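Data block below; observations after.
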Amino acid sequence: MANLKTTFAGLELKNPVIAASSGFTASPERCKKLEEAGVAAIVLKSIFEEQIAEQTQKWLGDDLGEAADSLAAYVRGDVLNTYINLIKSVKAAVSIPVIASICCSRLGEWSSFAKVIEDAGADALELNIMSVCTDKEYVYGSFEEQQVDIYSAVKAAVNIPVVIKLGQGLTNPVATVNSFYAHGARDIVLFNRHYQTDIDIENIKPVSGEVCSTPADICERLRWTAICSALIPSVNFAISGGVHSGSDVVKALLVGARTVEVCSALYKKGATAASEMLSGIEDWMNRHGYDSVEQFRGKLNAGNISDETSFERTQFFAAVHSNHYNIEY
Ligand SMILES: Cc1cc2nc3c(=O)[nH]c(=O)nc-3n(C[C@H](O)[C@H](O)[C@H](O)COP(=O)(O)O)c2cc1C
Numbered sequence: 000m001a002n003l004k005t006t007f008a009g010l011e012l013k014n015p016v017i018a019a020s021s022g023f024t025a026s027p028e029r030c031k032k033l034e035e036a037g038v039a040a041i042v043l044k045s046i047f048e049e050q051i052a053e054q055t056q057k058w059l060g061d062d063l064g065e066a067a068d069s070l071a072a073y074v075r076g077d078v079l080n081t082y083i084n085l086i087k088s089v090k091a092a093v094s095i096p097v098i099a100s101i102c103c104s105r106l107g108e109w110s111s112f113a114k115v116i117e118d119a120g121a122d123a124l125e126l127n128i129m130s131v132c133t134d135k136e137y138v139y140g141s142f143e144e145q146q147v148d149i150y151s152a153v154k155a156a157v158n159i160p161v162v163i164k165l166g167q168g169l170t171n172p173v174a175t176v177n178s179f180y181a182h183g184a185r186d187i188v189l190f191n192r193h194y195q196t197d198i199d200i201e202n203i204k205p206v207s208g209e210v211c212s213t214p215a216d217i218c219e220r221l222r223w224t225a226i227c228s229a230l231i232p233s234v235n236f237a238i239s240g241g242v243h244s245g246s247d248v249v250k251a252l253l254v255g256a257r258t259v260e261v262c263s264a265l266y267k268k269g270a271t272a273a274s275e276m277l278s279g280i281e282d283w284m285n286r287h288g289y290d291s292v293e294q295f296r297g298k299l300n301a302g303n304i305s306d307e308t309s310f311e312r313t314q315f316f317a318a319v320h321s322n323h324y325n326i327e328y
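Counting in numbering that gives the first Met the number 0, the sequence shown runs from 0 upward without gaps.
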């Protein structure tokens, strides 16, 4: 039998398939099903900065009087307690590692939250630092600096490994990863999927775009993982985004990722998506004569291929002129 073992976030994992943070990981029952389907670890649904702000706003309305601060503190305590209960109930339900998740965009009180989350028994903590920058006076690089500051504050507060889940659309993910690395980060997920916006042209209003990814979404992640894992080999990478089959997991491993964090495939197919992925990886390894993941992981990262520009190509010129896609031009 093929050995699918790998490591990520200081955890020994029986295979590379991790259930990503989402509603699918928001209850012990669902997490148990994911464990039965074979996932190696679970990232719990995030505790959200927005969740606290929205709940406070709902209760307070426009009243920003004296009660505001104490109500906000009460809401924070309430949201945090609910999250602690989630960690404890999932830890009691499964025997695989459980990674808690915080979604935030400002420093705030996340370092004290992180300590409470560690005390509740989480095996690691993932930080999902996302925001849409629209400041006209924006100073280039300041968003990334702020992310590193949040990471450093949280990291200093806990002993469990802290994973960074980066959002898409960074100008230079290599520099961002390197900056986190310089501040002690060793485990990075490329990339979170942003809420998608779309337009309903009949009712003439903005609406939510497609919630789930498609396999095409993996391509940008393969590019950046291939480059980052070659240039910053001491960082452990996970790919999240567009992983829908065993073949997609194999692609992620070939470019140097240690694990994948899967969400949309679970929403589309249920927990069996994970067991199908695992048999897909094993099948590929058997056909190619590999006994363990480490024998082929990183074989196609940017440092291990003869044409290192493959991952840096931005124009379609070569592909079109080789007529690889049978396109008329
Ligand atoms: C419905 C839904 C809910 C999600 N909730 C969270 C969340 O709470 N925290 C988080 O870090 N990512 C969240 N994500 C992002 C996923 O964890 C994952 O990184 C992203 O969807 C890309 O993986 P995929 O292509 O397999 O869906 C969510 C995604 C979806 C579709």
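All C-beta atoms in this analysis are idealised placements derived from N, C-alpha and C, irrespective of residue type, glycine included. Every value quoted in this text rests on a predicted model; they were computed, and no experiment measured them.
Quiz item: Are the CB atoms of residue 85 and residue 27 nearer to each other than 9 angstroms?
Solution: For the purposes of this step, residue 85 is taken as residue 86 along the sequence shown, with counting starting at 1. For the purposes of this step, residue 27 is taken as residue 28 along the sequence shown, with counting starting at 1. Contact: yes.
Quiz item: Thinking C-alpha only, which one of 128, 278, 29 is nearest residue 89?
Solution: Here the question's residue 89 lines up with position 90 in the sequence shown. Closest option to residue 89, Cα to Cα, is 29.
Quiz item: Is the region 242–251 touching the region 269–279, taking contact as three or more C-beta pairs under 8 angstroms?
Solution: yes
Practice problem: Taking all protein chains shown into account, decide if residue 138 is buried (16 or more other Cβ within 10 angstroms of its Cβ) or exposed. | Solution: What you label residue 138 is simply residue 139 of the sequence shown in a count that begins at 1. Exposed: under 16 other Cβ atoms inside 10 Å.
Quiz item: Going by DSSP, what residues sit across from residue 2 in a beta bridge?
Solution: Counting from one through the sequence shown, the residue named residue 2 turns up at place 3. For residue 2, which the question treats as bridged, DSSP gives the partners 291.
Quiz item: Based on the DSSP output, what are the partners of residue 102 in its beta bridges?
Solution: In the sequence shown, the residue the question calls residue 102 occupies position 103. Residue 102 is bridged to 47, 127.
Quiz item: Comparing the CB of residue 216 with every heavy atom of ligand 1, is any distance shorter than 8 angstroms?
Solution: Position 217 of the sequence shown, counted from the start, is the residue given in the question as residue 216. Yes, ligand 1 has a heavy atom inside 8 angstroms of this Cβ.
Practice problem: Compute the distance between the beta-carbons of residue 303 and residue 239, then report whether it is under 9 angstroms. | Solution: By 1-based counting over the sequence shown, the position of residue 303 is 304. By 1-based counting over the sequence shown, the position of residue 239 is 240. Cβ distance not < 9 angstroms, so residue 303 and residue 239 don't count as in contact.
Quiz item: Assuming residue 123 contacts residue 9 under a Cβ cut-off of 8 angstroms, what Cβ separation, rounded to an integer in Å, is found between them?
Solution: Taking the sequence shown and counting its residues from 1, the one referred to as residue 123 is at position 124. Taking the sequence shown and counting its residues from 1, the one referred to as residue 9 is at position 10. Yes, residue 123 and residue 9 are in contact; Cβ-Cβ is about 7 angstroms, under 8 angstroms.
Exercise. Consult DSSP for residue 76 and reduce its assignment to one of helix, strand or coil.
Key: Mapped onto the sequence shown, residue 76 falls at position 77. Reduced to three states, the DSSP call for residue 76 is helix.
Self-check item: For residue 328, the three-state DSSP class (helix, strand or coil)
Solution: Here residue 328 is taken as the residue at index 329 of the sequence shown, counted from 1. Low per-residue confidence applies at residue 328: pLDDT is 47, beneath 50, and the placement is therefore not dependable enough to give any value.
Exercise. For residue 222, count neighbouring Cβ atoms within 10 angstroms of its own Cβ and tell me buried if that reaches 16, exposed if not.
Key: Against the sequence shown, residue 222 aligns to sequence position 223. Buried, since its Cβ has 16 or more Cβ neighbours within 10 Å.
Quiz item: By DSSP, does residue 258 sit in helix, in strand, or in coil?
Solution: Position 259 of the sequence shown, counted from the start, is the residue given in the question as residue 258. Strand, per DSSP.
Self-check item: Check: residue 244 C-beta below 8 angstroms from any heavy atom of ligand 1
Solution: Locating residue 244 in the sequence shown gives position 245, where the first residue counts as 1. No, since every heavy atom of ligand 1 falls outside the 8 angstroms radius drawn around the Cβ of residue 244.
Quiz item: CB of residue 78 to nearest heavy atom of ligand 1: below 8 angstroms?
Solution: Here the question's residue 78 lines up with position 79 in the sequence shown. No, the Cβ of residue 78 stays beyond 8 angstroms of every heavy atom of ligand 1.
Quiz item: By DSSP, does residue 27 sit in helix, in strand, or in coil?
Solution: One-based indexing of the sequence shown puts residue 27 at position 28. Residue 27 falls in the helix class under three-state DSSP.
Quiz item: Should residue 192 be counted as a contact of ligand 1 given a C-beta to heavy atom distance under 8 angstroms?
Solution: Here residue 192 refers to the residue found at position 193 when the sequence shown is read from its first residue. Result yes, Cβ under 8 angstroms from ligand 1.
Practice problem: Taking residue 135 as part of the beta strand (DSSP E), name the residues at either end of that continuous run. | Solution: Taking the first residue of the sequence shown as 1, we reach residue 135 at position 136. From DSSP, residue 135 is part of no beta strand (DSSP E); its letter is neither H nor E.
Exercise. Examine the Cβ distances between the region 32–47 and the region 282–290 and report whether three or more of them are shorter than 8 angstroms.
Key: no
Self-check item: Boundaries of the alpha helix (DSSP H) in which residue 196 is found, first to last residue
Solution: For the purposes of this step, residue 196 is taken as the residue at position 197 of the sequence shown. Run containing residue 196: none in the alpha helix (DSSP H); it sits in the beta strand (DSSP E), 196–199.
Quiz item: In angstroms, rounded to a whole number, what distance separates the CA positions of residue 179 and residue 147?
Solution: Residue 179 sits at position 180 when you count from the first residue of the sequence shown. Residue 147 sits at position 148 when you count from the first residue of the sequence shown. Straight-line Cα distance between these residues: approximately 6 angstroms.
Self-check item: Sufficient close CB pairs (3 or more, under 8 angstroms) joining the region 169–184 to the region 206–217
Solution: no
Exercise. Would you tell me roughly how many angstroms separate the C-alpha atoms of residue 228 and residue 293, rounded to the nearest one?
Key: Sequence index remark: in the sequence shown, residue 228 carries index 229 (1-based). Sequence index remark: in the sequence shown, residue 293 carries index 294 (1-based). Their backbone Cα atoms lie some 14 angstroms apart in a straight line.
Practice problem: Consult DSSP for residue 10 and reduce its assignment to one of helix, strand or coil. | Solution: Within the sequence shown, numbered from 1, the residue matching residue 10 stands at position 11. It is a strand residue.
Practice problem: Classify residue 24 as buried or exposed, calling it buried when 16 or more other Cβ atoms lie within 10 Å of its own Cβ. | Solution: On the sequence shown, position 25 is the one that residue 24 refers to. By the 10 Å Cβ count, residue 24 comes out buried.
Quiz item: Taking the C-alpha atoms as reference points, what is the distance between residue 251 and residue 20?
Solution: Translated into the one-based positions of the sequence shown, residue 251 becomes position 252. Translated into the one-based positions of the sequence shown, residue 20 becomes position 21. When rounded, the distance between both Cα atoms is 19 angstroms.
Quiz item: Is residue 45 near ligand 1, in the sense that its beta carbon is under 8 angstroms from a heavy atom of that ligand?
Solution: By 1-based counting over the sequence shown, the position of residue 45 is 46. Result yes, Cβ under 8 angstroms from ligand 1.
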